[in-house]
Amino acid sequence: MPAVEVLALRREFRPKGRRRRDPIIALDDVDLTVAEGEIHGLLGPNGAGKTTLVKVLATVLLPTAGTARVLGFDVVTDADEVRRRIGLVFGGDRGLYTRLTARRNLHYWAALYDVPTGATAARVDYLLERVGLTERADDRVETFSRGMKQRLHLARGLISDPPVLFLDEPTVGLDPIASLDFRKLVVELRDAGKTVFLTTHDMVEAEAVCDRVTLIDHGRILATERPATLGSWISRYEWVEARGVDAAVVDRVRAIPGVAGVEPRAEDWIRIQPDADGAARAVLQTLVGAGVTSIRTGFPSLEEVYVKVIGERGMEV
Amino acid sequence: MRAAAAAFRMQLSLALRTPNYWMVQISTVPQVILFLSVIDAFDRPDLTTHALLAPTLIAMWGTALWTGGSVVRDDRWGGQIENHAAAPTPYGVAVVARVAAVVVLSMLVVPITLVTARLSYGLDLEVRHPGLLVVVVLLTAAAITATGMIFSSLTILSRAAITFQSSASYPLLLLGGVFVPLELFPDWVQPLGRLVFLSWSTDLIRDAVTEASVADVPVRLLAIVVLGGIGFVAGQWLVRVIMHRVRVTGEISTI
């Protein structure tokens, strides 16, 4: 049974105001399956529909059409069953009772998630230790840095030891070391059999921790693949770099059908960027034939995939 | 039940750390002095109970409406409401427990009022039926909690939540006979006032303090219980309906 199963999901928002306007389509015919024990990344720019999808799966929002199930339970008709099996973590520093201590926040949510009374104190202590907040457990959250609040969010999401965890932009505000530790924790959760569904627009994060990544934009799923497969899916963008290439050879390379461009790089390297199947092979043959010996190739990073598939969106990303 | 207890404790902690909360309690002191000064100026010691009851109930009701009302509003602005929406415990349970916490704390105005009366005018309130008084005050607190929950949940729907809270306060206090007994209002107002639990509470509290014999106690207590119960059911229903609505519209979040 999949941990998450989404079929033809649609979510619209009706703009407020007197003028009758068309609804905003946040999710459009979304199909998605996440296997149990998988870390699944949802990758897309701001406004792509990532948070809306998480909110629908976490029963915070109702879908306009289509179905979504978590561990076989429908998010609309079996919402209570879904809620008992999920943890939800939003990014940013909202969502905590900042005048209370970290410990009291966790005790409160433990009660709301029906964590047995006898197990609550130990669970809270364990989570505070795990997210590195033991020393500050009895300090008010309003004195925490954004990163510390984010770690407390994560502890809150894990309070009931849920089999499925939804993380919405979980590393927003975390410093690089905390982000690294967070990724380690996510992998540990997967190793412990949890399913983790995380949204991000951080390619490095998606590439580092996800078993599969779904690209989404304008509410539509563009692709779902393993990070490496996703790279090969657009292998036509496999780049070739070479050093010490004569200008004449560069011109010949430039003329190969399917070569989108040649860019100079540091230390006399050039990067050849194909944009058609088979072009990289032709480039390699040309370079080797010309006696070039310093050659390297590479698949596009997830970020490059992201840019190629979704396109440049400047500040919107 | 455990979730409700946790919500109750959590709200107590929040209230104790929120200076604004204590303003309602502190404002009782000048109100008591004001009301007693009017009684004193017109030499009407027979209205002392009215003068002490008004600021007490104003403070309790005000706390339920303002602090209790802010429970949902603050959760929405602070982003906690989405976490509640995804939690297995119904939000209504947390809301009623948290409003109850602030109402229980607001009962501190009873000793504050009595001490103020003693220190300012040397008054010692003699209570004819202390047992009945305690029962009525507790039932009134429960009914205030139930009704406060209604207003708390309605703040989600109102864009001008503070204006809404403010305008909702006085009609209920008037109809509840808090400022002046209901029988002093025009005839057509009195039936409306009888639909408000506060009118039964205020009458019974005044009688418990001043009357040698209090008539129809069971019926009057039942009226508070029934009207408070209707408020509770309506409040829980409203929270459910409103949470469903904001799940549909997406207005659950303020961002």
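Protein chains in written order, with this note's numbering: chain E, 1 to 317; chain B, 1001 to 1255. From the three backbone atoms N, C-alpha and C, an ideal C-beta is built for every residue, glycine too.
Secondary structure of residue i, DSSP reduced to three states
{"i": "G314 (chain E)", "result": "In this predicted model, G314 (chain E) has a pLDDT of only 47, less than 50, meaning its place in the structure is not dependable; the value taken from the coordinates is given anyway. Residue state, collapsed to three classes: helix."}
{"i": "T1249 (chain B)", "result": "helix"}
{"i": "E1211 (chain B)", "result": "coil"}
{"i": "R14 (chain E)", "result": "coil"}
{"i": "H1244 (chain B)", "result": "helix"}
{"i": "I1081 (chain B)", "result": "helix"}
{"i": "F1008 (chain B)", "result": "helix"}
{"i": "H201 (chain E)", "result": "coil"}
{"i": "E207 (chain E)", "result": "helix"}
{"i": "I1255 (chain B)", "result": "For I1255 (chain B), the pLDDT reaches just 48, beneath the cut-off of 50, and the residue's location in the model is therefore unreliable, although a value from the coordinates is still provided. Note: I1255 (chain B) maps to coil in three-state DSSP."}
{"i": "T33 (chain E)", "result": "strand"}
{"i": "D217 (chain E)", "result": "strand"}
{"i": "M1 (chain E)", "result": "coil"}
{"i": "T293 (chain E)", "result": "coil"}
{"i": "L1114 (chain B)", "result": "helix"}
{"i": "A1097 (chain B)", "result": "helix"}
{"i": "V1127 (chain B)", "result": "coil"}
{"i": "V60 (chain E)", "result": "coil"}
{"i": "L1014 (chain B)", "result": "helix"}
{"i": "D74 (chain E)", "result": "strand"}
{"i": "D22 (chain E)", "result": "coil"}
{"i": "A1086 (chain B)", "result": "coil"}
{"i": "R226 (chain E)", "result": "coil"}
{"i": "A8 (chain E)", "result": "strand"}
{"i": "V1225 (chain B)", "result": "helix"}
{"i": "V1196 (chain B)", "result": "coil"}
{"i": "L1204 (chain B)", "result": "helix"}
Rounded distance between the beta-carbons of residue j and residue i, thought under 8 Å
{"i": "T195 (chain E)", "j": "G72 (chain E)", "result": "No, T195 (chain E) and G72 (chain E) are not in contact; Cβ-Cβ is about 13 Å, not under 8 Å."}
{"i": "L992 (chain B)", "j": "L1192 (chain B)", "result": "The question about residue 992 (chain B) has no answer here: the residues shown for chain B are numbered 1001 through 1255."}
{"i": "G91 (chain E)", "j": "V172 (chain E)", "result": "4 Å"}
{"i": "V131 (chain E)", "j": "L152 (chain E)", "result": "7 Å"}
{"i": "R1085 (chain B)", "j": "R1245 (chain B)", "result": "It is Ala, not Arg, that sits at residue 1085 (chain B) in the sequence shown. Not confirmed; about 12 Å, so no contact."}
{"i": "L1125 (chain B)", "j": "V1209 (chain B)", "result": "7 Å"}
{"i": "L1036 (chain B)", "j": "S1120 (chain B)", "result": "6 Å"}
{"i": "T59 (chain E)", "j": "R21 (chain E)", "result": "Wrong, their Cβ atoms sit about 28 Å apart, outside the cutoff."}
{"i": "V292 (chain E)", "j": "A247 (chain E)", "result": "With a Cβ gap of about 13 Å, V292 (chain E) and A247 (chain E) do not count as contacting."}
{"i": "A1101 (chain B)", "j": "Q1011 (chain B)", "result": "4 Å"}
{"i": "R11 (chain E)", "j": "T52 (chain E)", "result": "5 Å"}
{"i": "V1256 (chain B)", "j": "A1141 (chain B)", "result": "Missing from the structure shown is residue 1256 (chain B); chain B here goes from 1001 to 1255 and no further."}
{"i": "G1068 (chain B)", "j": "V1093 (chain B)", "result": "Not really, about 15 Å apart at Cβ, beyond 8 Å."}
Proximal chain B residues relative to residue i, where beta-carbon distance stays under 9 Å
{"i": "H107 (chain E)", "result": "A1006, R1009 and M1010"}
{"i": "D139 (chain E)", "result": "By Cβ distance, chain B contributes nothing, its closest Cβ being about 13 Å from D139 (chain E), past 9 Å."}
{"i": "T117 (chain E)", "result": "R1002"}
7 Å Cβ cut-off: residues of chain B touching residue i
{"i": "V288 (chain E)", "result": "Simply none; closest approach about 55 Å."}
{"i": "A111 (chain E)", "result": "R1002, A1003 and A1006"}
Within chain B, the residues that residue i reaches when beta carbons sit closer than 8 Å
{"i": "R322 (chain E)", "result": "Here chain E comprises residues numbered 1 to 317, so residue 322 (chain E) is not present and cannot be evaluated."}
{"i": "L318 (chain E)", "result": "Lying before the first or after the last residue shown, residue 318 (chain E) is absent from chain E, which here runs from 1 to 317."}
{"i": "R49 (chain E)", "result": "It is worth fixing the name first, because residue 49 (chain E) is Gly in this sequence and not Arg. Chain B residues near G49 (chain E): none, gap ~12 Å exceeds 8 Å."}
{"i": "T67 (chain E)", "result": "The contacting residues do not exist; T67 (chain E) stays about 16 Å from chain B at best."}
{"i": "D114 (chain E)", "result": "R1002, A1003, P1088 and T1089"}
{"i": "D80 (chain E)", "result": "P1088"}
{"i": "R104 (chain E)", "result": "M1010 and S1013"}
{"i": "F13 (chain E)", "result": "T1249 and G1250"}
Residues that residue i contacts on chain E, provided the C-beta gap is smaller than 9 Å
{"i": "T1018 (chain B)", "result": "R99"}
{"i": "G1079 (chain B)", "result": "F90, G92, D93, R94, G95 and L96"}
9 Å Cβ cut-off: residues of chain C touching residue i
{"i": "I1252 (chain B)", "result": "Absent from the structure: chain C. Protein chains present are E and B."}
Where residue i meets chain E, residues with beta-carbon distance less than 7 Å
{"i": "L1014 (chain B)", "result": "Y97, R99 and L100"}
{"i": "V1248 (chain B)", "result": "L62"}
Residues that residue i contacts on chain E, provided the C-beta gap is smaller than 8 Å
{"i": "A1094 (chain B)", "result": "L112"}
Touch test, the region 1068-1084 of chain B against the region 94-101 of chain E, Cβ-Cβ under 8 Å, three pairs minimum: Yes, the region 1068-1084 of chain B is in contact with the region 94-101 of chain E.
The region 38-48 of chain E contacting the region 61-76 of chain E, beta-carbon criterion three pairs below 8 Å: No: fewer than three Cβ pairs fall under 8 Å.
Whole runs of the beta strand (DSSP E) within the region 149-187 of chain E, excluding any shorter than 3 residues: DSSP runs (the beta strand (DSSP E)) wholly in the region 149-187 of chain E: 164-168.
Inter-stretch contact (C-beta, 8 Å, three-pair minimum) for the region 1051-1063 of chain B and the region 1083-1092 of chain B: No, the region 1051-1063 of chain B does not touch the region 1083-1092 of chain B.
Alpha helix (DSSP H) segments (min. 4 residues) lying fully within the region 76-143 of chain E: With a minimum length of 4 residues, the continuous alpha helix (DSSP H) runs that stay inside the region 76-143 of chain E are 79-83, 102-112 and 117-130.
Length at least 4, wholly inside the region 1137-1193 of chain B: the alpha helix (DSSP H) runs in chain order: If we require 4 residues or more, the alpha helix (DSSP H) runs fully inside the region 1137-1193 of chain B come out as 1161-1175 and 1189-1193.
Inter-stretch contact (C-beta, 8 Å, three-pair minimum) for the region 1099-1113 of chain B and the region 1124-1144 of chain B: Verdict: yes, contact present.
At least 3 beta-carbon pairs within less than 8 Å: the region 176-186 of chain E vs the region 19-32 of chain E: With fewer than three CB-CB distances shorter than 8 Å, the region 176-186 of chain E does not count as touching the region 19-32 of chain E.
contact_flag[the region 109-129 of chain E, the region 147-161 of chain E] where n(CB pairs < 8 Å) is 3 or more: Using a Cβ-Cβ distance cut-off of 8 Å, the region 109-129 of chain E and the region 147-161 of chain E are in contact, since at least three pairs of beta carbons, one from each stretch, lie closer than that value.
3 or more residues per run - each beta strand (DSSP E) lying fully within the region 239-281 of chain E: Segments of the beta strand (DSSP E) lying fully in the region 239-281 of chain E: 239-243, 259-264 and 269-274.
Cβ contact check for the region 253-263 of chain E and the region 1001-1009 of chain B: 3 or more pairs under 8 Å: The count of Cβ pairs closer than 8 Å, one atom from the region 253-263 of chain E and one from the region 1001-1009 of chain B, stays below three, leaving the stretches out of contact.
Stretch pair the region 155-167 of chain E + the region 134-142 of chain E: three plus CB contacts closer than 8 Å: Contact between the region 155-167 of chain E and the region 134-142 of chain E is not established, with fewer than three Cβ pairs separated by less than 8 Å.
Entirely enclosed beta strand (DSSP E) segments - the region 1016-1067 of chain B, minimum 3 residues: For the region 1016-1067 of chain B, not a single whole beta strand (DSSP E) run of length 3 or above is found.
Contact the region 262-275 of chain E vs the region 213-220 of chain E: 3+ CB pairs below 8 Å: By the Cβ criterion, the region 262-275 of chain E is not in contact with the region 213-220 of chain E, since fewer than three pairs of Cβ atoms, one from each stretch, lie closer than 8 Å.
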